[in-house]
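Undergrad:
There are 4 protein chains.
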Amino acid sequence: MLRIYRFLPSASRRGFDLKEPLWSGSLTFQQAVSTSAGNLDENLSGKKFASYTVFKGKAALSIHPILPSFSKMESGAYRMNRNGSVMLTFLPAVGQRKYDYTKKQLFALSPTEVGCLISLGPAESCEFFHDPSMKSSHEGQVKKSLSLTPLGSDSGYFVNITVLNNVQKTTDRLSVPITKAEFAVMRTALSFALPHIMGWDQVLTHHPASLASSKHRMERPHPDSEWER
Amino acid sequence: MLRIYRFLPSASRRGFDLKEPLWSGSLTFQQAVSTSAGNLDENLSGKKFASYTVFKGKAALSIHPILPSFSKMESGAYRMNRNGSVMLTFLPAVGQRKYDYTKKQLFALSPTEVGCLISLGPAESCEFFHDPSMKSSHEGQVKKSLSLTPLGSDSGYFVNITVLNNVQKTTDRLSVPITKAEFAVMRTALSFALPHIMGWDQVLTHHPASLASSKHRMERPHPDSEWER
Amino acid sequence: MLRIYRFLPSASRRGFDLKEPLWSGSLTFQQAVSTSAGNLDENLSGKKFASYTVFKGKAALSIHPILPSFSKMESGAYRMNRNGSVMLTFLPAVGQRKYDYTKKQLFALSPTEVGCLISLGPAESCEFFHDPSMKSSHEGQVKKSLSLTPLGSDSGYFVNITVLNNVQKTTDRLSVPITKAEFAVMRTALSFALPHIMGWDQVLTHHPASLASSKHRMERPHPDSEWER
Amino acid sequence: MLRIYRFLPSASRRGFDLKEPLWSGSLTFQQAVSTSAGNLDENLSGKKFASYTVFKGKAALSIHPILPSFSKMESGAYRMNRNGSVMLTFLPAVGQRKYDYTKKQLFALSPTEVGCLISLGPAESCEFFHDPSMKSSHEGQVKKSLSLTPLGSDSGYFVNITVLNNVQKTTDRLSVPITKAEFAVMRTALSFALPHIMGWDQVLTHHPASLASSKHRMERPHPDSEWER
Numbered sequence: 001m002l003r004i005y006r007f008l009p010s011a012s013r014r015g016f017d018l019k020e021p022l023w024s025g026s027l028t029f030q031q032a033v034s035t036s037a038g039n040l041d042e043n044l045s046g047k048k049f050a051s052y053t054v055f056k057g058k059a060a061l062s063i064h065p066i067l068p069s070f071s072k073m074e075s076g077a078y079r080m081n082r083n084g085s086v087m088l089t090f091l092p093a094v095g096q097r098k099y100d101y102t103k104k105q106l107f108a109l110s111p112t113e114v115g116c117l118i119s120l121g122p123a124e125s126c127e128f129f130h131d132p133s134m135k136s137s138h139e140g141q142v143k144k145s146l147s148l149t150p151l152g153s154d155s156g157y158f159v160n161i162t163v164l165n166n167v168q169k170t171t172d173r174l175s176v177p178i179t180k181a182e183f184a185v186m187r188t189a190l191s192f193a194l195p196h197i198m199g200w201d202q203v204l205t206h207h208p209a210s211l212a213s214s215k216h217r218m219e220r221p222h223p224d225s226e227w228e229r
Numbered sequence: 001m002l003r004i005y006r007f008l009p010s011a012s013r014r015g016f017d018l019k020e021p022l023w024s025g026s027l028t029f030q031q032a033v034s035t036s037a038g039n040l041d042e043n044l045s046g047k048k049f050a051s052y053t054v055f056k057g058k059a060a061l062s063i064h065p066i067l068p069s070f071s072k073m074e075s076g077a078y079r080m081n082r083n084g085s086v087m088l089t090f091l092p093a094v095g096q097r098k099y100d101y102t103k104k105q106l107f108a109l110s111p112t113e114v115g116c117l118i119s120l121g122p123a124e125s126c127e128f129f130h131d132p133s134m135k136s137s138h139e140g141q142v143k144k145s146l147s148l149t150p151l152g153s154d155s156g157y158f159v160n161i162t163v164l165n166n167v168q169k170t171t172d173r174l175s176v177p178i179t180k181a182e183f184a185v186m187r188t189a190l191s192f193a194l195p196h197i198m199g200w201d202q203v204l205t206h207h208p209a210s211l212a213s214s215k216h217r218m219e220r221p222h223p224d225s226e227w228e229r
Numbered sequence: 001m002l003r004i005y006r007f008l009p010s011a012s013r014r015g016f017d018l019k020e021p022l023w024s025g026s027l028t029f030q031q032a033v034s035t036s037a038g039n040l041d042e043n044l045s046g047k048k049f050a051s052y053t054v055f056k057g058k059a060a061l062s063i064h065p066i067l068p069s070f071s072k073m074e075s076g077a078y079r080m081n082r083n084g085s086v087m088l089t090f091l092p093a094v095g096q097r098k099y100d101y102t103k104k105q106l107f108a109l110s111p112t113e114v115g116c117l118i119s120l121g122p123a124e125s126c127e128f129f130h131d132p133s134m135k136s137s138h139e140g141q142v143k144k145s146l147s148l149t150p151l152g153s154d155s156g157y158f159v160n161i162t163v164l165n166n167v168q169k170t171t172d173r174l175s176v177p178i179t180k181a182e183f184a185v186m187r188t189a190l191s192f193a194l195p196h197i198m199g200w201d202q203v204l205t206h207h208p209a210s211l212a213s214s215k216h217r218m219e220r221p222h223p224d225s226e227w228e229r
Numbered sequence: 001m002l003r004i005y006r007f008l009p010s011a012s013r014r015g016f017d018l019k020e021p022l023w024s025g026s027l028t029f030q031q032a033v034s035t036s037a038g039n040l041d042e043n044l045s046g047k048k049f050a051s052y053t054v055f056k057g058k059a060a061l062s063i064h065p066i067l068p069s070f071s072k073m074e075s076g077a078y079r080m081n082r083n084g085s086v087m088l089t090f091l092p093a094v095g096q097r098k099y100d101y102t103k104k105q106l107f108a109l110s111p112t113e114v115g116c117l118i119s120l121g122p123a124e125s126c127e128f129f130h131d132p133s134m135k136s137s138h139e140g141q142v143k144k145s146l147s148l149t150p151l152g153s154d155s156g157y158f159v160n161i162t163v164l165n166n167v168q169k170t171t172d173r174l175s176v177p178i179t180k181a182e183f184a185v186m187r188t189a190l191s192f193a194l195p196h197i198m199g200w201d202q203v204l205t206h207h208p209a210s211l212a213s214s215k216h217r218m219e220r221p222h223p224d225s226e227w228e229r
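Quick look at the structure:
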């Protein structure tokens, strides 16, 4: 029988007993992005951030979704010009329930990598490889891999990240065991996020024209262009 | 063959033949929350409440979702500062189709506990333990446990709550059998609620900046910060 | 191998080669509802209707969702006072690709009945019974039953409705075979509709207060009332 | 163990190393539609486009959702008058990572065809047949078929399109192997899109009347018209 213990009082659950940098972390990173392009605070106004974090003995794993971006065309329409992603942030433990945000390792899942995770069988493994500098003069300097391997007995997965830096001659490894229940949260959240990071929710839920122009629509040729060619 | 009988006339289905306190219950609790902080009625304005309730011979079980809360940062962005949850309310029966709301027992499911329920196999059990006073001087005074155990033959679960009060020397136990169909409703509703109580829907569906600043976006460094470090 | 043939030209697919009353049907029914309460056209303004219809040799089956209703409380909040439902409309065939809307039979699925359908195994059956007049003087005059029985070989279901009228001494039976693909559409649409007919989407996606009152929120007692009791 | 390699640097991932016509493709097609009905650019304003594309050695496959359309009734309500669809676009490769958009082949999936794909077992096949000119004088001139056949070992599917043109005496065939992870993306995106192309999301998320008329609602006859007949 699976048992989950949660004896934290509400006050503790609000604040979490963790290094402060962790909790301001995802926002600090976002601020860094906007600051580097000048004063873009007005773009952050109203933006929202939320992550799901699993704290274990040797490391913590936090995941949060990143929106796709759209660019405006001459026609006034918008086309997605970059997929969103789901960012995995690994934090090494530096004491009991303390994690060092400055030594974080990041791995951004593409839609297809998300598809891989949500279809993973309980006894299956998967591994993704990223090279941030491929096709540039720095190709091969940094290599990242993310793998999920089963804990056994349908009880969850180890999530492992390895970052090999050939310049600094360093290899960082972090591993976080996640339970079946935690993976169910991730699978559900990733499945929910997937159509959003693909931009499909924005395509499918913005329909002003469908109402405003129903008369014009009738006079138009069939928009189902399969038959047009 | 599964058979479901629903012979209630429409008038009865509107009002439900139950003690009135039950049906004003979820709202009464919300009003108590706002009243205790002064006149916050304007905050309730427009707020909506809905629950799914299963009425059985010895007790009823009602579930409803609770939104996460976000706090505004200096940058103008919002960060989730508390997860939402799914509240389970147990009500003992005090007569035929009458339930006593004043003797209710509550259990708030965290995202991970929700993940546990929605991934529960038909023959699996799970149990959660809460201590509202942990890490305070009242630690151990009240202990709550919630368990789901299979009814057998893939026909549903017993949902059991036990509340042990070491000060009042009382133990309250309530148990509600739920059918496979009722669990399918709960599983679907919990799966739907999960990304919302995690705050991910608010992150993923608020995208004013993605449109307004498409030009500026082009000049910015790559927001996929995996490659930045 | 499953094969689906769709040789309809686009013009035919727009209009469907059916008795006009069918296609104005779902709206006619809605208009009847509003008309019976006087001139409520302003309430229909902006309302939208869409159904999924399967046309077979002896009958057609159309399904469409019905929203729950909320009532305003003194506090300014809204509470769901009636579940939504998913309406099944059966239409007998009266010729090749012609169906008689005036002889329709209706069956409104409650959330739990929807839960039953979406969790139905490929070899399982289910049956629902409704008596519109139960607990009134007309109890037993009309009895409805809806059943799903497997077509065999994981290839879909027969959906059957029987309406027994003890006053008119009539029994109407309609049966529509639905393929595995059509049932997948219904299962997906019903799973999508379920949190909406339960009102949970309205609870979870209306969150003005979560932003406006973040400071006040901090001063409030913990809203997770599990710990309050 | 499944391994996914993604060594593209961010700059490359932004632009994709492809023939420009591909990337302006989905929009070009939309512009063609609107242009053919005159200057309808104002209808495109605010409209959004996003697709999911899989690039393989001999061909690429891109999928994007198309919204249903609603028409306004005399009552002020809107009724869906055409289902949406999910468009599959096949592009033959004309060089390394270059695809010819002018030789594209299109196939628009109906809701039932989407239902077929999302319920396809790992060892199952399916095939759809379209004739754009059926029931017209051009019937049989062009025949299209789309099939999915398993790659074997639960590792994905071949997606094949055949377009037979009896006038031009040509047969075009394109085939794209998709991995299990890519199919998981498609299945999740198609499942998400299905209620939207059926119009159900618009029915279920537009509920102004449910709030404005709660008093009137009480005086109305039961809207659950199952009992009305």
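Protein chains in written order, with UniProt numbering: chain R, 1 to 229; chain E, 1 to 229; chain D, 1 to 229; chain A, 1 to 229. Note that the Cβ used here is the ideal one computed from N, Cα and C, for glycine as well.
1) Tell me where the alpha helix (DSSP H) around Glu182(E) begins and ends.
2) Under three-state DSSP, which class holds Ala123(R)?
3) Who are the Cβ neighbours of Val185(E) in its own chain at under 8 Å, not counting the five residues just before and after it?
4) Which complete beta strand (DSSP E) runs does the segment 98-159 of chain D hold, if anything under 3 residues is left out?
5) In terms of residues, what are the limits of the alpha helix (DSSP H) holding Leu204(E)?
6) Step through the CB atoms of chain E and report whether any lies within less than 8 Å of the CB of Phe107(D).
7) According to DSSP, is Leu67(E) part of a helix, a strand, or is it coil?
8) Just checking: is the beta-carbon of Lys56(A) within a distance shorter than 8 Å of some beta-carbon in chain R?
9) With a cut-off of 8 Å on the beta carbons, I'd call Thr179(R) and Ser147(R) a contact; round off their distance for me.
10) Among Gly57(D), Phe158(D) and Ser62(D), which residue has its Cα nearest to the Cα of Tyr101(D)?
11) Just to confirm my understanding: we take Cys126(E), look at its own chain, exclude 5 residues before and 5 after, and list those with CB closer than 8 Å. What are they?
12) Counting Cβ pairs closer than 8 Å, one from the segment 157-166 of chain A and one from the segment 92-99 of chain R, do we hit at least three?
13) With 7 Å as the limit, tell me which residues of the segment 164-186 of chain E have their beta carbon closer than that to any beta carbon of chain D; keep them in chain order.
14) Please confirm whether Ser119(R) has its beta-carbon closer than 8 Å to some beta-carbon of chain A.
15) List the residues of chain R that Ala193(A) touches, going by C-beta distances under 8 Å, in chain order.
16) In chain E, what lies closer than 8 Å to Ala77(D) by C-beta?
17) Does the beta-carbon of Asn83(E) have 16 or more other beta-carbons within 10 angstroms, so that it is buried, or is it exposed?
18) Would you report the Cα separation of Pro177(A) and Leu151(A), rounded to the nearest angstrom?
19) How would you call Ala212(E), buried or exposed, if buried means at least 16 neighbouring beta carbons within 10 angstroms?
20) Going by CA-CA distance only, name the one from Leu91(R), Leu174(R), Leu67(R) and Ser137(R) that's closest to Pro195(R).
21) In chain order, what residues of the same chain have a beta carbon less than 7 Å from the beta carbon of Ser191(A), not counting five sequence neighbours either side?
22) Could you name the residues that DSSP lists as bridge partners for Asn83(D)?
23) Give the interface partners of Thr188(D) over in chain A, defined as CB-CB distance under 8 Å, in chain order.
24) Going straight from the alpha carbon of Lys143(A) to that of Thr171(A), what length do you get?
25) At least one CB of chain E closer than 8 Å to the CB of Leu61(R): is that the case?
26) Which two residues bound the contiguous beta strand (DSSP E) that contains Val167(E)?
27) So, for Met80(E): in the same chain, excluding its five sequence neighbours on each side, which residues have a beta-carbon less than 6 Å away from its beta-carbon?
28) Whole-angstrom Cβ separation of Leu109(D) and Thr89(D), contact assumed at under 8 Å?
29) Within the same chain, show all residues whose beta-carbon is closer than 6 Å to that of Phe128(E), passing over the 5 residues directly before and after it, in chain order.
30) What whole-angstrom Cβ distance do Phe49(A) and Ala50(R) have, given they're in contact under 8 Å?
31) Name the chain A residues whose beta carbon is nearer than 9 Å to that of Met80(R)?
32) So which residues of chain R does Thr89(E) contact, with C-beta pairs closer than 8 Å?
TA: In this structure, then:
1) As a working mapping, residue 182(E) is identified with position 182 in the second sequence. Lys180 to Ile197 is the span of the alpha helix (DSSP H), which, as asked, contains Glu182(E).
2) Against the first sequence, residue 123(R) aligns to sequence position 123. Three-state result, Ala123(R): coil.
3) Residue 185(E) sits at position 185 when you count from the first residue of the second sequence. Around Val185(E): Tyr52.
4) 105-109, 126-130 and 142-150
5) Stepping through the second sequence from its first residue, residue 204(E) is reached at position 204. Run containing Leu204(E): Trp200 to Thr205, per the alpha helix (DSSP H) assignment.
6) Reading the third sequence from its first residue, position 107 is the one you call residue 107(D). Answer no: the Cβ-Cβ gap between Phe107(D) and chain E never drops below 8 Å.
7) Indexing the second sequence from 1 puts residue 67(E) at position 67. Residue state, collapsed to three classes: coil.
8) In the fourth sequence, residue 56(A) corresponds to position 56, counting from 1. No, its Cβ sits nowhere closer than 8 Å to a Cβ of chain R.
9) Counting from 1 along the first sequence, the entry for residue 179(R) is found at position 179. Counting from 1 along the first sequence, the entry for residue 147(R) is found at position 147. With 8 Å as the limit, Thr179(R) and Ser147(R) do not qualify as a contact, their Cβ atoms being about 18 Å apart.
10) Translated into the one-based positions of the third sequence, residue 101(D) becomes position 101. For Tyr101(D), the nearest C-alpha among the options comes from Ser62(D).
11) Position 126 of the second sequence, counted from the first residue, corresponds to residue 126(E). Answer for Cys126(E): Cys116, Leu117, Leu120, Ser147 and Leu148, listed in chain order.
12) no
13) Lys180, Ala181, Glu182, Ala184 and Val185
14) Here the question's residue 119(R) lines up with position 119 in the first sequence. By this cut-off, Ser119(R) is an interface position.
15) Residue numbering aside, residue 193(A) sits at position 193 when the fourth sequence is read from its first letter. Neighbours of Ala193(A) on chain R, chain order: Pro195, Trp200 and Leu204.
16) Here residue 77(D) refers to the residue found at position 77 of the third sequence. What Ala77(D) touches in chain E: Leu27, Gln30, Leu44, Ser45, Gly46, Lys47, Lys48 and Phe49.
17) Reading the second sequence from its first residue, position 83 is the one you call residue 83(E). Looking at its Cβ environment, which holds 16 or more other Cβ atoms inside 10 Å, Asn83(E) is buried.
18) The sequence position of residue 177(A) within the fourth sequence is 177, counting from 1. The sequence position of residue 151(A) within the fourth sequence is 151, counting from 1. Looking at the two C-alpha atoms, the distance is approximately 8 Å.
19) The residue labelled residue 212(E) in the question sits at position 212 within the second sequence. Note that Ala212(E) scores 39 on pLDDT, short of 50, meaning its location in the model is unreliable; the coordinates nonetheless yield the value given after this. Exposed, by the Cβ-count rule.
20) Numbered from 1 along the first sequence, position 195 holds the residue referred to as residue 195(R). When each option's Cα is compared against that of Pro195(R), the closest is Leu67(R).
21) Numbered from 1 along the fourth sequence, position 191 holds the residue referred to as residue 191(A). Closer than 7 Å at the Cβ level, and outside the excluded window around Ser191(A), lie Ile118.
22) Sequence index remark: in the third sequence, residue 83(D) carries index 83 (1-based). Looking at the DSSP assignment, Asn83(D) forms no beta bridge with any residue, so it has no partner.
23) Along the third sequence, read from residue 1 onward, the residue named residue 188(D) stands at position 188. In chain order: Gly115, Ile118, Ser191, Leu194 and Pro195.
24) Taking the fourth sequence and counting its residues from 1, the one referred to as residue 143(A) is at position 143. Taking the fourth sequence and counting its residues from 1, the one referred to as residue 171(A) is at position 171. Roughly 10 Å between the two C-alpha positions.
25) Within the first sequence, the letter at position 61 stands for residue 61(R). Not one chain E Cβ lies under 8 Å of Leu61(R).
26) Residue numbering aside, residue 167(E) sits at position 167 when the second sequence is read from its first letter. Counting along the chain, Val167(E) falls outside any beta strand (DSSP E), and DSSP gives it neither H nor E.
27) Within the second sequence, the letter at position 80 stands for residue 80(E). The answer, listed in chain order, is Pro68, Phe70 and Gly199.
28) For this step, residue 109(D) is matched to residue 109 along the third sequence. For this step, residue 89(D) is matched to residue 89 along the third sequence. Going by Cβ atoms, the distance from Leu109(D) to Thr89(D) rounds to 12 Å, so no, they are not a contact pair.
29) Along the second sequence, read from residue 1 onward, the residue named residue 128(E) stands at position 128. Cβ within range, chain order: Glu113 and Leu146.
30) Position 49 of the fourth sequence holds residue 49(A). Position 50 of the first sequence holds residue 50(R). No, Phe49(A) and Ala50(R) are not in contact; Cβ-Cβ is about 27 Å, not under 8 Å.
31) In the first sequence, counting from the first residue as 1, residue 80(R) sits at position 80. Those within 9 Å of Met80(R) in chain A are Lys48, Phe49, Ala50 and Ser51.
32) Looking up residue 89(E) in the second sequence gives position 89. Residues of chain R passing the Cβ test: none, with the nearest at roughly 18 Å.
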